[in-house]
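Since the structure comes first, as structure tokens, the remarks are kept for the end.
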Amino acid sequence: MIATEFALFTIFVVAYVFYTGKSLTGPTPSQVLELPVWSTICLLSSSITVGIAERALKGNKIQMFKVWTAATILLGLEFLRQTALEWRHLIVDSHLTITTNLFGTTFYSLVGLHASHVVLGLTLLSLSLILGLRGSMSGQARRFELLAWYWHFVDAVWVVVFTVVYVIGR
Amino acid sequence: MSTTTHIGEAFQATDERPVPAKLHDWLVTVDHKRLGIMYIATSLFFFAVAGVEAALMRGQLAFPNGKVLPPEVFNRLFTMHGTTMVFLVGMPFFAGLANYLVPLMIGARDMAFPRLNAFGYWMFLFGGILLYFSYIAGEGLAGHGTAPDVGWFAYAPLTERAFSRGTSTDYWILSIIVAGIGTTASAINVIATTISMRCKGMTMARMPLFVWLMLVVSAMVVMALPPLTAAQVMLLLDRYLGAHFFDTQAGGSAVLWQHFFWLFGHPEVYILVLPGFACASEIIPVFSRKPIFGRAAMVGATVAIGLVSVSVWAHHMFAVGMTPVSNIFFVASTMLVGVPTGIKIFNWMATMYGGKIRFDTPMLFCIAFLFQFLIAGLTGIMLAAAPLNWQLTDSYFVVAHFHYTLLGGMLFTLFGGFYYWFPKATGRMLSETLGKWHFWLLVIGFHLTFDTLHFAGIRGMPRRIYTYAAGRGWDDLNLVASIGVIFQAAATACLIWNIIRSVRKGASAGNDPWDAWTLEWGTTSPPPEYNFAVLPEVRSSRPLWDLKHPDDPDWKYE
Amino acid sequence: MTSPSRLAGLVCVMSVASLGQTVHSVGNIFKPQATPAESVYHLSLLVLAVCAAIFLVVAGMLTFTIVRFRRKKKDDGHEPAQVYGSNHIEIAWTVIPILIVFVLTMATARVVVAIQNKPAPKDALRVTVIGHQWWWEFRYPDLGIVTANELHVPVSTAAKPAVTFLKLQSADVAHSFWVPQLSGKTDLIPNRTNSMWIDPRQEGTFLGNCAEYCGTQHANMLLRVIVQSSADFEKWSAAQRLSAAHDARIEAARATFLSLSCVNCHTVSRTSAAGTFGPDLSHLMSRDTLGSGVIPNTTENLRAWIKDPQAIKPGNLMPNMQLNAGELDEVVAYLSSLK
Chain A
2 MIATEFALFT
12 IFVVAYVFYT
22 GKSLTGPTPS
32 QVLELPVWST
42 ICLLSSSITV
52 GIAERALKGN
62 KIQMFKVWTA
72 ATILLGLEFL
82 RQTALEWRHL
92 IVDSHLTITT
102 NLFGTTFYSL
112 VGLHASHVVL
122 GLTLLSLSLI
132 LGLRGSMSGQ
142 ARRFELLAWY
152 WHFVDAVWVV
162 VFTVVYVIGR
Chain B
27 MSTTTHIGEA
37 FQATDERPVP
47 AKLHDWLVTV
57 DHKRLGIMYI
67 ATSLFFFAVA
77 GVEAALMRGQ
87 LAFPNGKVLP
97 PEVFNRLFTM
107 HGTTMVFLVG
117 MPFFAGLANY
127 LVPLMIGARD
137 MAFPRLNAFG
147 YWMFLFGGIL
157 LYFSYIAGEG
167 LAGHGTAPDV
177 GWFAYAPLTE
187 RAFSRGTSTD
197 YWILSIIVAG
207 IGTTASAINV
217 IATTISMRCK
227 GMTMARMPLF
237 VWLMLVVSAM
247 VVMALPPLTA
257 AQVMLLLDRY
267 LGAHFFDTQA
277 GGSAVLWQHF
287 FWLFGHPEVY
297 ILVLPGFACA
307 SEIIPVFSRK
317 PIFGRAAMVG
327 ATVAIGLVSV
337 SVWAHHMFAV
347 GMTPVSNIFF
357 VASTMLVGVP
367 TGIKIFNWMA
377 TMYGGKIRFD
387 TPMLFCIAFL
397 FQFLIAGLTG
407 IMLAAAPLNW
417 QLTDSYFVVA
427 HFHYTLLGGM
437 LFTLFGGFYY
447 WFPKATGRML
457 SETLGKWHFW
467 LLVIGFHLTF
477 DTLHFAGIRG
487 MPRRIYTYAA
497 GRGWDDLNLV
507 ASIGVIFQAA
517 ATACLIWNII
527 RSVRKGASAG
537 NDPWDAWTLE
547 WGTTSPPPEY
557 NFAVLPEVRS
567 SRPLWDLKHP
577 DDPDWKYE
Chain C
977 MTSPSRLAGL
987 VCVMSVASLG
997 QTVHSVGNIF
1007 KPQATPAESV
1017 YHLSLLVLAV
1027 CAAIFLVVAG
1037 MLTFTIVRFR
1047 RKKKDDGHEP
1057 AQVYGSNHIE
1067 IAWTVIPILI
1077 VFVLTMATAR
1087 VVVAIQNKPA
1097 PKDALRVTVI
1107 GHQWWWEFRY
1117 PDLGIVTANE
1127 LHVPVSTAAK
1137 PAVTFLKLQS
1147 ADVAHSFWVP
1157 QLSGKTDLIP
1167 NRTNSMWIDP
1177 RQEGTFLGNC
1187 AEYCGTQHAN
1197 MLLRVIVQSS
1207 ADFEKWSAAQ
1217 RLSAAHDARI
1227 EAARATFLSL
1237 SCVNCHTVSR
1247 TSAAGTFGPD
1257 LSHLMSRDTL
1267 GSGVIPNTTE
1277 NLRAWIKDPQ
1287 AIKPGNLMPN
1297 MQLNAGELDE
1307 VVAYLSSLK
């Protein structure tokens, strides 16, 4: 399934790269984009925290598991909050929407696709946390490991998106 | 032989419950065999529907200036015919065959994810219903409905809001996404099952070729469907959120759609035909009474096809105006992908060579397949030569070519598989007489139609035209092609009658009517819900051969 | 389609064109009449020969196998020798096809380069082709000509070679330009300029089609390439360069025409009709056909078309303008004067 998702994201990245510089009107990436340093730190750290949570669950340390899962969720939420703020700024101040030009089209669809995967991951993590609070997570280390893999994948995609959109594309 | 029946011993109770209870069982089942049958039955239903659509088109084209159908209806028909055949017949048939046979062939009790299996089937069915709902939605029957009319590959910008008003294109997008989820679920299931649920002693090397091919197809589905889904999501964004992915007025690229689509589209056609190859790889050895010639080479060739097929996509785009270097690259890769396919044809022939060939219906279909796929591959080489492609692409020559590969190749082998495994699934034999009628009528009808259409393309007849003027040199060719439809319809009628008659009154099949060698023939027909009384343990790729020939088992030579 | 058009469809194709030329109505990629089609033809001979040889060998072996190794009636029931494979044979029938592929690719590459990389000679005739749903716009920028649906080009002889270079663009969706005896097809894609060239060696009218599905009337987006001697071509282009005829006798008809909304879509040079959505009508009577090849250009057909284009080419983008009989007469009279 991760392979399928990888292929999906690749196509959106290809579209983004293909259309770089081809917008007929502004604004352009260099005009409106800023490096999302803080949100990237949050998201990448959340990979570390989810890894610790996973290890904790394997060792049946439920309390640790709950704490570090909560930390992961908080970091993920902060990432989403930063994304939301960025988009609000782009739409309201820079007048960039998905219909504005090719940059808007490819930017919002690629970053949005990633964000939707973050939302899905956070939903599943929250579910895990709730189940952990209710004591149903012991012995489920294998399943949580799959979720952790998914989360790592989402973070890896962000690295690619960050590089392509915010570093190279500007 | 005691060991043969040992794994197949089962207590077959007759089911005396009321019909609603039995129907409910089918509705909620997660049993791979039932889901397999449901997939195949549904895909045969859609096959009949798409066949009717084709017959209507050929009726319109039989004479110049035909007045059978107005252009809007014709354009919807060719779109629906193509979309149905690819997504609602070919892909589900793969899913059905794989789901039914893979666990049996590897000695497992079910697929790795039975509930995912059921989910996949119902998604496929809903996707199909959604697509056909488009006929009656929107403007309704009086306005011929709003079925999509943009062609099965839906080139941009014809599919953009500006040129495709109404919701017909959206039905195309959404139904394919939904049905595609079903196929992807099946593919993931096959991969997981094949990797983790083989019975004791069955290394990957000892898996039946059928299972190998289904594994490769599943891997291709997982990699090939995302470009289509991504492109369709982008198209939806264009149509509903005002995005500009393929909006040429805003600088978007129509060619980008083509790249994304064919990145999916070309592996897709191998996804369609490889399950047929899987059937042939089981049938030809059994009916030649020899093992498959060059097992390892066959596996290697299949993997090679899978890998190379993702590098050939732009041979559908030779006329788009790519640079000479790009064109030449795709010429090379396309011709190259013909090599492993040719190797497979040679290996099948070598399997028959020196054997004792029985001409039962499954084998007849496979033999016709060999001739027909040879021709299809050769017309493919002709089309791979880019300048020749500039003449022949988007003409009836291409239509003839891909019907040769899909009808003459995929469908013939799938029919062969159907006749071969029907006894296993139902416990009853299909009638050989009716089977042979089906076969010969189909051969005549298929060749009448599609041999002729090659020449229409050579004479300059383009695709997707609802009518043509007299005197262009196309009149007689189209008439002959349309007559072929009558034979194909008669053939399909034979098949349907054969199924209806045999399910009730067919001869009892027994465990192993064909004297075959893979594990599914070691259990009863139909198998019990748990497949095997005792999970088997194998020492070679032909476990039943070993049991039947203890003095000369395969594992001495493999 | 109405009855006059059905007959017209037949007559259209088999008729002698108004310029006294033969119509090559039956296309055939194996009867090239221009260099690109001829290069393809020669390549196709090689490819066909190779494919035919492969077919004979493989199908021959297959037939032999089926006949020789069928189970005899008096079969003893023993299984035949169980042969598992042969590495030598596998290598052989891997290497040989790869060699064949290599040869074919090289031969193909040469033709690809020859056709695509041909530089335009300085005296080449340049035409810009713009595809519309469902008609063709032809502009000759060096000659100042704008016309529709029928492409006039000079014939290319050994004494006087004449190459026509086409620039292909689209105003809406993807189309494709295909006249089989002159060249392979090249697509017209919006937001993209493609190019192709032809040098027809025989005079006459060659028929072609749009070859990329472009909507409802894709089937009736027909092409006519009219190949003329250089003298005739000069005459034609001189006539096209004149502004639209202004016949004083039909001043009233002209006024009627210009008062109707036809002018929103069509251009007639030196009048207030300057629409570009539909074909340029300045020299409408110089064309063989109407509606992009659908019906011959006669007065009755012109009348029928203007009265109700949807009856003749259903779904096309010229609506039924609901003209009354008087307006219809005047419009037909005026357009008939545009030679």
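Protein chains in written order, with this note's numbering: chain A, 2 to 171; chain B, 27 to 584; chain C, 977 to 1315. Each residue gets a CB set at the ideal place from its N, CA and C atoms; glycine is no exception. Please read all numbers here as calculations on a predicted model, not as lab measurements.
Problem set entry | In DSSP terms, what K1143 of chain C is bridged to | C:T1104, C:S1171
Problem set entry | Simplified DSSP assignment, three categories, for H1151 of chain C | strand
For this session: For T219 of chain B, I'd like the list of residues in its chain whose CB is within less than 7 Å of its CB, leaving aside the five on either flank, ordered along the chain.
Result: V128, P129, A134, M137, A138
Problem set entry | the region 205-232 of chain B: positions lying closer than 7 Å to chain A by Cβ | T210, I214
For this session: To the nearest angstrom, report how far apart Q1204 of chain C and I1174 of chain C are at their CA atoms.
Result: 14 Å
Problem set entry | Check whether K1315 of chain C and S1235 of chain C have beta carbons under 8 Å apart | no
For this session: Rounded to whole angstroms, what's the CA-CA distance from L34 of chain A to T26 of chain A? Just pull it up for me.
Result: 16 Å
Exercise. When you check each C-beta in the region 477-504 of chain B against every C-beta of chain C, which residues fall closer than 9 Å?
Worked result: G483, I484, R485, G486, M487, P488, R489, R490, I491, Y492, T493, Y494, A495, A496, G497, R498, G499, W500
Exercise. What is the rounded straight-line gap between the Cα of V50 of chain A and the Cα of P140 of chain B?
Worked result: In the sequence on display, residue 50 of chain A carries Thr and not Val. So the alpha carbons of these two residues sit roughly 33 Å apart.
Problem set entry | Where C305 of chain B falls: helix, strand or coil (DSSP) | helix
Exercise. For chain C, is any of its Cβ atoms less than 8 Å away from the one on L414 of chain B?
Worked result: yes
For this session: Measure the C-alpha to C-alpha separation of A1195 of chain C and H118 of chain A and round it to an integer number of angstroms.
Result: 45 Å
For this session: In angstroms with no decimal places, state the Cα-to-Cα distance between V334 of chain B and N61 of chain A.
Result: 47 Å
Problem set entry | Same chain, Cβ closer than 8 Å to M83 of chain B, neighbours up to 5 away in sequence not counted | L95, F100, L103, F104, H107
Exercise. Anyone know if the C-beta pair for W198 of chain B and T109 of chain B falls short of 8 Å?
Worked result: yes
Exercise. Ordered along the chain, which non-local residues of its own chain (more than five positions away) have a Cβ less than 7 Å from that of F513 of chain B?
Worked result: L467, I470, G471, L474
Exercise. Unbroken alpha helix (DSSP H) runs of length 4 or more, entirely within the region 350-393 of chain B: which are they?
Worked result: 350-378
Exercise. Who are the Cβ neighbours of G1251 of chain C in its own chain at under 7 Å, not counting the five residues just before and after it?
Worked result: V1239, N1240, C1241, H1242, T1243
Problem set entry | 8 Å Cβ cut-off: residues of chain B touching T1232 of chain C | Those within 8 Å of T1232 of chain C in chain B number zero; the least Cβ separation is about 32 Å.
Problem set entry | Contact belief for V560 of chain B with R232 of chain B at Cβ below 8 Å, rounded distance in angstroms | Going by Cβ atoms, the distance from V560 of chain B to R232 of chain B rounds to 19 Å, so no, they are not a contact pair.
Exercise. Which chain B residues are close to G1267 of chain C, counting only those with a beta carbon under 9 Å from its beta carbon?
Worked result: The premise fails here: G1267 of chain C is roughly 12 Å from chain B at the closest Cβ pair, so nothing lies under 9 Å.
For this session: Compare the Cα-Cα distances from G536 of chain B to each of B:W547, B:F399, B:S528 and report the closest residue.
Result: B:W547
For this session: Determine the closest residue to G483 of chain B out of B:N353, B:W416, B:I297, with distance taken between C-alpha atoms.
Result: B:W416
For this session: Answer with yes or no whether the minimum CB distance from F319 of chain B to chain C is below 8 Å.
Result: yes
Exercise. Start and end of the alpha helix (DSSP H) containing E6 of chain A?
Worked result: 3-19
Problem set entry | Among B:G146, B:T55, B:F287, B:R489, nearest to V586 of chain B - alpha-carbon criterion | With chain B running from 27 to 584 in the structure shown, residue 586 of chain B is simply not present.
Problem set entry | Contact set for L103 of chain A: own chain, Cβ-Cβ below 6 Å, skip 5 residues either direction | Y20, K23, S24
Exercise. Hey, is T255 of chain B's beta-carbon within less than 8 Å of any beta-carbon in chain A?
Worked result: yes
Problem set entry | Residue-level contact to chain C via CB, R191 of chain B, 8 Å cutoff | no
Exercise. Considering only C-alpha positions, which residue in the set C:S1146, C:A1228, C:C1027 is nearest to G1107 of chain C?
Worked result: C:S1146
Problem set entry | E6 of chain A vs E146 of chain A beta-carbon contact at 8 Å | no
Exercise. Can you tell which of C:N1292, C:P1290, C:K1283, C:Q1157 has the C-alpha that lies nearest to the C-alpha of N1300 of chain C?
Worked result: C:K1283
For this session: Check the Cβ of A269 of chain B against every Cβ in chain A and list those closer than 7 Å, keeping chain order.
Result: I99, T100, T106, S110
Exercise. When we look at the beta-carbon of G486 of chain B and count the other beta-carbons within 10 Å, is it buried (16 or more) or exposed?
Worked result: buried
For this session: Check whether the Cβ atoms of V1139 of chain C and P1097 of chain C lie closer than 8 Å to each other.
Result: yes
Exercise. Under 8 Å between C-beta atoms, does H170 of chain B make it to chain C?
Worked result: Because the pLDDT of H170 of chain B is 44, which lies under 50, any placement of that residue in the model is unreliable, and the number read from its coordinates should be weighed accordingly. Answer no: the Cβ-Cβ gap between H170 of chain B and chain C never drops below 8 Å.
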